[in-house]
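Participant:
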Amino acid sequence: TADPHTREDIIERLGLEDAEVFTTSFDRPNISYEIAERDQARQQLLRFLSRHEGESGIVYCLSRAKVEDTAAWLNTQGIRALPYHAGFDRAVRDANQDAFLKEENLCLVATVAFGMGIDKPDVRYVAHLDLPGSVEAYYQETGRAGRDGLPSEVWMAYGMADVVQRRKMIDEGGAAEEAKRIERAKLTALLAICETASCRRKAILAHFGEAHPGHCGNCDTCRNPVETWDGTEAAIKALAAVYRTGERFGAGHVIDVLMGTVNEKTERFGHTEMPVFGAGKDIAPRVWQSIFRQLLAMGLISVDHSAYGALKLEPEARAVFRHEREVLFRKDRPQTGRKARAGGSPAARERDNLSGSDRELFELLRAERLAIAKDLDVPPYVVFPDTTLIALARERPADLEELLDIPGIGVSKRDRFGEAFLAVIEEFAG
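Just add 82 to the spot in the sequence shown (first one is 1) and you have the working numbering.
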């Protein structure tokens, strides 16, 4: 998963001249993308998972403690969840991974230690409770969903705290300064995708040098187009507040200044006497949080971890102060109380498109697959993926020869499993 800059770097490091570069499309059209502002993240996650009842998926967290806490909490909410991270004993990791591969209704909560080399095709969803470090990481982790080609969903909740935490990890890491610069740029690129008002798929593919016309119809910004507003004056107020307070404070304190909040800190530093104090009362604190995230994504401000997460102005901010640059902000959608999408997950809707009798047969075929998989001690998809079961339910082959016309069935699998599934179809037909 290499962007154009990385591909060029590989060629240079290998000393290749006039090297041919072969790339396939990065597009995963069966994956639906959604990125939301964090607002009671656990409840947001629960609403997302409610669309995937009876399906398997992965929830990624940044820390081991959060993995364990989240898995435990999901179990209290009636969702079977297992934790996975590198800190567990090998036996625990192997057992939880094996359960994930073999069960069809399991949520695995994991750090990025999980996923490499895992080839479970019927992962129906991937959720992120924390921001990955780059577009490449996001693409790889979300790419673990829907490898069988059926509709799948990926969802992420993030906020300003994620950006601060990720930047801190970069700045305090032991890498060379040039490597840190690249990592910061990669994080900024991901933030830009999070804050885009246009098609997310187009933005993701553009990062890898692939053109897409946009309007994919399968991401949140295409399904529900984002409104934008002229935020030039609000941007000037925000940047002025950062400047007037000495570029020494994080977003929370700067927002307090803009809102005219009198507290110990604003009084102690004399910020209540500044012209910018209370200059942003006409905008809700939640909107100011969104504004500062978007200013960060636009490269107008940065986070300085050597100064405990203080916001700093970037040279590009001068054009905004001089009214030489218009600033458009996206309007964040309200999160609280958002209902689960009607009809469940995309994969569930694909199954629901089966007629009544076809759907009934599909469930019988699924039960047969599970029984065979348990006998063989293998994951169900090793027998047949869901796409094959759907085709069997629709086409209802009558003999071993007709089985070979079903996608996913070759001679070997026909000979191993064909009779059992034909028996189910024959018995169903009566």
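Glycine residues also receive a C-beta, built at the ideal position from the N, C-alpha and C atoms. Everything numeric in this text was worked out from a predicted model, so none of it was measured.
Given residue 344, which residues of its chain have a CB within under 7 Å of its CB, disregarding the five upstream and five downstream residues?
Facilitator: Taking the sequence shown and counting its residues from 1, one reaches residue 344 at position 262. Counting only Cβ-Cβ distances below 7 Å, and skipping sequence neighbours, we find 354.
Participant: Counting pairs of beta carbons, one from the region 180-194 and one from the region 448-463, are three or more of them closer than 8 Å?
Facilitator: Yes, they touch.
Participant: Pull up the distance between the alpha-carbon of residue 332 and that of residue 381, whole angstroms please.
Facilitator: If you number the sequence shown from 1, residue 332 lands on position 250. If you number the sequence shown from 1, residue 381 lands on position 299. Rounded to whole angstroms, residue 332 to residue 381 spans 16 Å at the Cα level.
Participant: In three-state terms, what does DSSP make of residue 566?
Facilitator: No answer is possible for residue 566: it lies beyond the span of the chain, which begins at 83 and ends at 512.
Participant: So does the region 357-376 actually touch the region 311-321, counting three or more Cβ pairs closer than 8 Å?
Facilitator: Yes, they touch.
Participant: Starting from the C-beta of residue 310, find all residues in its chain whose C-beta is less than 6 Å away, skip the five residues before and the five after it, and write them out in chain order.
Facilitator: Taking the sequence shown and counting its residues from 1, one reaches residue 310 at position 228. Hits under 6 Å: 279, 410, 412.
Participant: Is the number of C-beta pairs between the region 130-145 and the region 190-198 that are closer than 8 Å three or more?
Facilitator: Yes: the two stretches touch, three or more of their Cβ pairs being nearer than 8 Å.
Participant: How do the region 196-214 and the region 226-238 stand: do at least 3 beta-carbon pairs fall below 8 Å, yes or no?
Facilitator: As far as the Cβ criterion goes, the region 196-214 touches the region 226-238, which means the pair count is three or higher.
Participant: From residue 456 to residue 244, what does the alpha carbon distance come to, in whole angstroms?
Facilitator: In the sequence shown, the residue the question calls residue 456 occupies position 374. In the sequence shown, the residue the question calls residue 244 occupies position 162. Answer to the nearest angstrom: the Cα atoms are 41 Å apart.
Participant: Touch check for the region 296-311 and the region 269-283: three-plus C-beta pairs under 8 Å?
Facilitator: Verdict: yes, contact present.
Participant: I'd like to check one pair, residue 96 with residue 242: are the Cβ atoms closer than 9 Å?
Facilitator: Counting from one through the sequence shown, the residue named residue 242 turns up at place 160. Counting from one through the sequence shown, the residue named residue 96 turns up at place 14. No, these two residues do not count as a Cβ contact at 9 Å.
Participant: If you draw a straight line from the alpha carbon of residue 111 to that of residue 298, how long is it in whole angstroms?
Facilitator: Taking the sequence shown and counting its residues from 1, one reaches residue 111 at position 29. Taking the sequence shown and counting its residues from 1, one reaches residue 298 at position 216. Each residue's alpha carbon lies about 8 Å from the other.
Participant: What separation, rounded to the nearest whole angstrom, lies between the Cα atoms of residue 384 and residue 236?
Facilitator: Here residue 384 is taken as the residue at index 302 of the sequence shown, counted from 1. Here residue 236 is taken as the residue at index 154 of the sequence shown, counted from 1. Whole-angstrom Cα-Cα distance: 28 Å.
Participant: Under a three-way DSSP split, which group does residue 206 fall into?
Facilitator: Your numbering for residue 206 matches position 124 in the sequence shown. Correct three-state label for residue 206: strand.
Participant: Quick check on DSSP: helix, strand or coil for residue 190?
Facilitator: Indexing the sequence shown from 1 puts residue 190 at position 108. Here residue 190 sits in strand by DSSP.
Participant: Residues in the same chain with beta-carbon distance under 7 Å from residue 392, minus the five sequence neighbours each way, listed in chain order, please.
Facilitator: Reading the sequence shown from its first residue, position 310 is the one you call residue 392. Same-chain partners within the cutoff: 329, 330, 331, 332, 386.
Participant: Can residue 467 be considered in contact with the ligand MG, in the sense that its beta carbon sits closer than 8 Å to one or more heavy atoms?
Facilitator: With respect to small molecules bound, the structure shown includes none, and the ligand MG cannot be examined in it.
Participant: I'd like to know whether the C-beta atoms of residue 141 and residue 219 end up nearer to each other than 9 Å.
Facilitator: As a working note, residue 141 is residue 59 in the sequence shown. As a working note, residue 219 is residue 137 in the sequence shown. Contact: no.
Participant: If contacts are defined as beta-carbon pairs under 8 Å, then residue 162 and residue 128 qualify, I think. What distance do you get, rounded to the angstrom?
Facilitator: Taking the first residue of the sequence shown as position 1, residue 162 is located at position 80. Taking the first residue of the sequence shown as position 1, residue 128 is located at position 46. Contact flag wrong, Cβ pair sits at about 14 Å.
Participant: Find out if the Cβ-Cβ distance for the pair residue 442, residue 506 is shorter than 9 Å.
Facilitator: Here residue 442 refers to the residue found at position 360 of the sequence shown. Here residue 506 refers to the residue found at position 424 of the sequence shown. For residue 442 and residue 506, no; Cβs fall outside 9 Å.
Participant: Taking residue 473 and residue 488 to be in contact with their CB atoms under 8 Å, please state how far apart those CB atoms are, rounded to whole angstroms.
Facilitator: Position 391 of the sequence shown holds residue 473. Position 406 of the sequence shown holds residue 488. So it is a contact: roughly 5 Å between Cβ atoms.
Participant: Distance check for residue 214 and residue 238, CA to CA, integer angstroms please.
Facilitator: To locate residue 238, count along the sequence shown from 1; it is residue 156. To locate residue 214, count along the sequence shown from 1; it is residue 132. Their Cα atoms are separated by approximately 10 Å.
Participant: Take residue 511 as the anchor and find which of 262, 404, 478 has the nearest alpha-carbon.
Facilitator: The sequence position of residue 511 within the sequence shown is 429, counting from 1. Taking only the C-alpha atoms, the option nearest residue 511 is 478.
Participant: Going by beta carbon distance, what residues of the same chain come within less than 8 Å of residue 257, once the five residues before and after it are set aside?
Facilitator: Translated into the one-based positions of the sequence shown, residue 257 becomes position 175. Closer than 8 Å at the Cβ level, and outside the excluded window around residue 257, lie 265.
Participant: Who does residue 243 pair with in a DSSP beta bridge?
Facilitator: Residue 243 sits at position 161 when you count from the first residue of the sequence shown. DSSP, once it has assigned bridges, lists no residue as partnering residue 243.
Participant: By Cβ distance below 7 Å, which residues in the same chain neighbour residue 420 in space, the five residues on each side in sequence not counted?
Facilitator: In the sequence shown, residue 420 corresponds to position 338, counting from 1. Note on residue 420: pLDDT 41, under 50, position unreliable in the model; the coordinate value appears next. For residue 420, where only same-chain residues beyond five positions count, the Cβ hits under 7 Å are 129.
Participant: Give the range of the beta strand (DSSP E) segment to which residue 412 is assigned.
Facilitator: If you number the sequence shown from 1, residue 412 lands on position 330. Looking at the DSSP string, the run of the beta strand (DSSP E) that includes residue 412 is 410-412.
Participant: What ranges does the beta strand (DSSP E) occupy inside the region 90-145, keeping only unbroken runs of at least 3 residues that lie completely in it?
Facilitator: Entirely contained in the region 90-145, the beta strand (DSSP E) runs reaching 3 residues are, in chain order, 113-119, 138-142.
Participant: I need the straight-line Cα distance from residue 77 to residue 408, nearest angstrom please.
Facilitator: Nothing about residue 77 can be reported from this structure: the residues present for the chain run from 83 to 512 only.
Participant: Just the Cα atoms here: how many angstroms apart are residue 246 and residue 137?
Facilitator: Here residue 246 refers to the residue found at position 164 of the sequence shown. Here residue 137 refers to the residue found at position 55 of the sequence shown. Answer to the nearest angstrom: the Cα atoms are 33 Å apart.
Participant: If I'm right that residue 337 touches residue 357 with Cβ under 8 Å, what's the distance once you round it to whole angstroms?
Facilitator: Counting from 1 along the sequence shown, the entry for residue 337 is found at position 255. Counting from 1 along the sequence shown, the entry for residue 357 is found at position 275. Contact doesn't hold; Cβ gap of about 16 Å is too wide.
Participant: What are the boundary residues of the beta strand (DSSP E) that includes residue 164?
Facilitator: Here residue 164 is taken as the residue at index 82 of the sequence shown, counted from 1. Start and end: 163-166.
Participant: Identify whether residue 280 lies in helix, strand or coil by the three-state DSSP scheme.
Facilitator: Numbered from its first residue, the sequence shown carries residue 280 at position 198. In this structure, residue 280 counts as coil in the three-state DSSP scheme.
Participant: Just verifying my parser: in three-state terms, what is the DSSP assignment at residue 81?
Facilitator: Because residue 81 is not part of the residues shown, which for the chain are 83 to 512, the question remains open.
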